[in-house]
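Read in the working numbering, the sequence shown has 73 at position 73, and its numbers run on one by one without any break. Here is the structure we will look at, set down as structure tokens.
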Amino acid sequence: MNEPDNEKPALDPAVIEHLQEVVSQLRESVSRLDDVAMDVLRSAYSRREARPAIDKTITQARRAIEKAIHLIDIDGHS
1 MNEPDNEKPA
11 LDPAVIEHLQ
21 EVVSQLRESV
31 SRLDDVAMDV
41 LRSAYSRREA
51 RPAIDKTITQ
61 ARRAIEKAIH
71 LIDIDGHS
């Protein structure tokens, strides 16, 4: 039976739980990347250097993870 386009199929509770765990781990990764980015910036500041290129890379990685969270967070707590 075909479902209307606006309705999502029901997910198995075990799948939901697994996705919630993945989202939680991804959020932790975002937090850890924030910490690393701050360390990079503090270090550059203390040496009176410009923003290191790695900071941009870390920021891009963080945004990619946030997009992944948005895509799979079935509870919508993004």
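Glycine included, each C-beta is placed from N, C-alpha and C at the ideal position.
- The DSSP-derived three-state label of proline 52 is coil.
- Residue Ala37 holds the alpha-carbon nearest to the alpha-carbon of alanine 53 among Glu28, Ala68, Ala37, His18.
- Ranked by Cα distance from isoleucine 69, the first of Glu17, Leu26, Leu11 is Leu26.
- Sequence-distant Cβ neighbours of serine 29 in its own chain, meaning closer than 8 Å and more than five residues away, are Ile65.
- Using a 10 angstroms sphere on the CB of valine 23, the tally of other CB atoms reaches 16 or more, which defines it as buried.
- DSSP places isoleucine 72 within a helical segment (H, G or I) once states are collapsed to three.
- Contact between aspartate 34 and arginine 62 is confirmed by a C-beta separation of about 7 Å, below the 8 Å threshold.
- Around the beta carbon of isoleucine 58, a 10 Å sphere encloses 16 or more other beta carbons of the protein chains shown; the residue is thus reported as buried.
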